[in-house]
Every structure is written in structure tokens, then in C-alpha cells.
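Reading through the C-alpha cells given below for one structure.
In the numbering used here, the protein residues as written are 645 to 735.
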């Protein structure tokens, strides 16, 4: 279920960025399975195959998108720093 939710989140984020006219994007994900499925062309599980196909269609559009793997701890630190920035901004 976690993989499917991550794929759905990625799909929604890519659609939003594309609709907003973003031309260059770097997405950091803590799921090595998803990153390898998209970058190496692996099909992955049957559960997420439809979403992977939809994501690949978006990725081949006329824009520069990189999807890279980050370790969960690095992602956690980014979340903490981002939340600190939001709190400081609202003070």
C-alpha cells in the first residue's frame, strides 16, 4: 500500500508542477523501488503499474525532471527544517 500511495503522490505532484508551468524539477523520494522503476525502466509490481505508466508519460514531456533517491533520514531532516522555516515565517 505504501508504494501505491507514494506513486499516487508523485503523480499528483508532477501533474501540479506541469500545470503550473514548471520547466525544471527535482523530486527526492525515499523509495528506491519507485526511483529504479522509473529510471531503469523496471515494471515493478502490478499494483502500481498503471500509475508508473502515467508518470512515465508525464516525464517524457518537454521539461527537465530528475527523480532521485534519498534515504528516509535525509528526508526527515528536510521535513524538520522546512517546518522550522514555516514556524519562523509565521512569527
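Ideal Cβ placement from N, Cα and C applies to all residues, glycine included.
First and last residue of the uninterrupted beta strand (DSSP E) at residue i
i, result
"residue 671", "668–673"
Three-state class that DSSP yields for residue i in the structure shown
i, result
"residue 714", "coil"
"residue 731", "Confidence at residue 731 is low in this model, with a pLDDT of 47, below 50, so the placement of that residue is unreliable and no value is reported for it."
Run of the alpha helix (DSSP H) containing residue i, from where it starts to where it stops
i, result
"residue 661", "646–663"
"residue 678", "676–683"
"residue 704", "No alpha helix (DSSP H) contains residue 704, which DSSP labels as neither H nor E."
Of the residues the options, the one placed nearest residue i, counting alpha carbons only
i, options, result
"residue 660", "680, 702, 713, 676", "702"
"residue 666", "710, 714, 716", "710"
"residue 653", "704, 712, 695", "695"
"residue 669", "715, 716, 706", "706"
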